[in-house]
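Here is the structure we will look at, set down as structure tokens.
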Amino acid sequence: MIRLRPHHGMCLAYFEGKGYSDGFTGNMQHMLELLEKGADVEMAVFGDEICKACPNLKHGVCLSADLVEHYDRKVLEYCGLKERENLSFRDFVDNVQKNIIEAGKRVEICGGCQWNEICSRKESRWK
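If you're matching positions, the sequence shown starts at 67 in this note's numbering and goes up one per residue.
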């Protein structure tokens, strides 16, 4: 079981090897590969395995905590999921694809994110 912030289901859909730092990008790629092998995930509205390598995590405190918690809660709401719910990664990303990406809700949730330009010009890998 891998702990995963719900909004990372959207980030991973468009990830192309860019990120906050080389360490973060390498970890994101590693997590994507691990998750796509068929992992189960626990929805976590707090730091997850991807966050561990984020330079915005200082002394165990996320500098963007309020913003990303908002993203997480919106993903849970639109996907009909609950915090700490367990499901397969495939079921999770299928849910994100259908209820957020295809429904046109992504920009509403995270359109102000610094990575929005990447997501706006690419197709989701979950398609």
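Even for Gly, the Cβ is constructed at its ideal location relative to N, Cα and C.
Delimiting residues of the alpha helix (DSSP H) encompassing I184: Along the sequence shown, read from residue 1 onward, the residue named residue 184 stands at position 118. I184 -> alpha helix (DSSP H) spans 182 to 187.
Evaluate E102 with the Cβ neighbour count: other Cβ atoms within 10 Å of its Cβ, from every protein chain shown; 16 or more gives buried, anything less gives exposed. Walking along the sequence shown from the start, residue 102 turns up at place 36. That one is exposed.
Can you check whether the CB of A110 is closer than 8 Å to the CB of L70? For the purposes of this step, residue 70 is taken as residue 4 along the sequence shown, with counting starting at 1. For the purposes of this step, residue 110 is taken as residue 44 along the sequence shown, with counting starting at 1. In contact: L70 and A110 (Cβ atoms closer than 8 Å).
Proximity of W192 and V141 at Cβ, strictly below 8 Å: Residue mapping note: residue 192 aligns to position 126 of the sequence shown, counting from 1. Residue mapping note: residue 141 aligns to position 75 of the sequence shown, counting from 1. The answer is no: Cβ separation not under 8 Å.
In the DSSP assignment, find the unbroken beta strand (DSSP E) run with I175 in it and report its ends. Counting from one through the sequence shown, the residue named residue 175 turns up at place 109. Not the beta strand (DSSP E): I175 falls in the alpha helix (DSSP H), residues 172 to 176.
With DSSP collapsed to three states, give me the class of V127. Position 61 of the sequence shown, counting from 1, holds the residue named residue 127. DSSP places V127 in strand when its eight states are reduced to three.
May I ask you to verify whether the segment 121 to 128 touches the segment 157 to 174, counting CB pairs closer than 8 Å and requiring at least 3? At 8 Å Cβ cutoff, the stretches do not touch.
Just tell me which of I68, H73, R156 has its CA closest to the CA of E174. Locating residue 174 in the sequence shown gives position 108, where the first residue counts as 1. Measuring from the Cα of E174, the nearest candidate turns out to be H73.
Nearest to R156 by alpha carbon, out of M97, D106, E149? As a working note, residue 156 is residue 90 in the sequence shown. When only C-alpha atoms are compared, the closest one is D106.
Name the two residues that bound the continuous beta strand (DSSP E) containing N152. For the purposes of this step, residue 152 is identified with residue 86 of the sequence shown, where counting begins at 1. First-last of the beta strand (DSSP E) with N152: 152 to 154.
First and last residue of the uninterrupted beta strand (DSSP E) at L147: The sequence position of residue 147 within the sequence shown is 81, counting from 1. First-last for L147: undefined, no H or E at that position.
Hey, could you find the ends of the alpha helix (DSSP H) D88 is sitting in? Residue numbering aside, residue 88 sits at position 22 when the sequence shown is read from its first letter. Unbroken alpha helix (DSSP H) run through D88: 88 to 102.
Taking all protein chains shown into account, decide if R150 is buried (16 or more other Cβ within 10 angstroms of its Cβ) or exposed. Along the sequence shown, one-based indexing puts residue 150 at 84. Exposed.
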